[in-house]
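Note sheet for the following structure.
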Amino acid sequence: HLTGDATERWGLATSVPIGDQGHIIGKFDEISTETLGSSRTATLDAEQRWGMWGAKAGLRYDHRVPGLSQNSAQDGHRLDLAVQLDARPLDADYHVYTFGQATLDRSDGRSRNNRLGIGAGYELTEHLSMAAEASAGDGGAGADVHFNRRMGDGSEAYLGFLLSPDRTDWGADSQNIFTRSNRSTLT
Numbered sequence: 003h004l005t006g007d008a009t010e011r012w013g014l015a016t017s018v019p020i021g022d023q024g025h026i027i028g029k030f031d032e033i034s035t036e037t038l039g040s041s042r043t044a045t046l047d048a049e050q051r052w053g054m055w056g057a058k059a060g061l062r063y064d065h066r067v068p069g070l071s072q073n074s075a076q077d078g079h080r081l082d083l084a085v086q087l088d089a090r091p092l093d094a095d096y097h098v099y100t101f102g103q104a105t106l107d108r109s110d111g112r113s114r115n116n117r118l119g120i121g122a123g124y125e126l127t128e129h130l131s132m133a134a135e136a137s138a139g140d141g142g143a144g145a146d147v148h149f150n151r152r153m154g155d156g157s158e159a160y161l162g163f164l165l166s167p168d169r170t171d172w173g174a175d176s177q178n179i180f181t182r183s184n185r186s187t188l189t
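Numbering-wise (the numbering used here), the sequence shown opens with residue 3 and increments by one.
Now the structure itself:
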């Protein structure tokens, strides 16, 4: 989202392995502009695999303050819990998953974001994959469909469409497992 004023953004992230196939991941992001407002987001996620089965659980706390030109944005904090279960059959080119999210605490100025969803991914070739996800909840429908091309030099190119149910007409939002920055986006 392009604005005429300065944007300050910073963050921290860490990942700690647990055994051979698990991780605990912590992140903090802060973004602030005078026009769009500010957002502080902290996440703590745990992942574990058992052969073809996997599970993820995460907590997300965010606090938003709308800026001068964004009077429709939600104001205040929200704490969400998300759980995801997935299957990646050994030697298969696909995976499937289901997830649920519940709002545990929120300010009066923030909407709940309880939702349920399903998703799948498929490796089309050694360098090209696709993924799709659909969900429904308090904020309406959500969807994410994208193609990802892995280049030989470690970079990636992608094309996708995202319909984010958490959009409230402002761009000061961090990107992670819970939310993206635009209501709907073609990238």
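Every residue, glycine too, gets a C-beta built ideally from N, C-alpha and C.
The straight-line gap separating the alpha-carbon atoms of Gly39 and Val67 is approximately 5 angstroms.
Two segments are said to touch when three or more pairs of C-beta atoms, one from each, lie closer than 8 angstroms; by this definition the segment 105-114 does not touch the segment 129-136. Here Thr37 is actually not in contact with Leu87; their C-beta atoms are around 40 angstroms apart, not less than 8 angstroms.
Around the beta carbon of Pro167, 16 or more other beta carbons lie within 10 angstroms, which makes this residue buried. Around the beta carbon of Tyr160, fewer than 16 other beta carbons sit within 10 angstroms, so the residue counts as exposed. For Gln103, the uninterrupted beta strand (DSSP E) run begins and ends at Tyr96 to Arg108, by DSSP.
In the structure shown, Arg11 adopts extended strand secondary structure according to DSSP, grouped into three states. For Gly144, the closest alpha carbon among the candidates Asn150, Ser157, Ala8 and Ile120 is that of Ile120.
Shown here, Asn150 sits in a strand according to DSSP, grouped into three states. For Glu49, the enclosing beta strand (DSSP E) starts and ends at Gly39 to Trp52. A direct Cα-to-Cα measurement between Thr9 and Ser34 gives close to 6 angstroms. Remark: C-beta atoms of Gly53 and Leu92 approach each other more closely than 9 angstroms. For the segment 109-139, the full-length beta strand (DSSP E) segments reaching 3 residues or more read 117-125 and 130-139 along the chain. Listed as beta-bridge partners of Asp31 by DSSP are Gly13 and Thr43.
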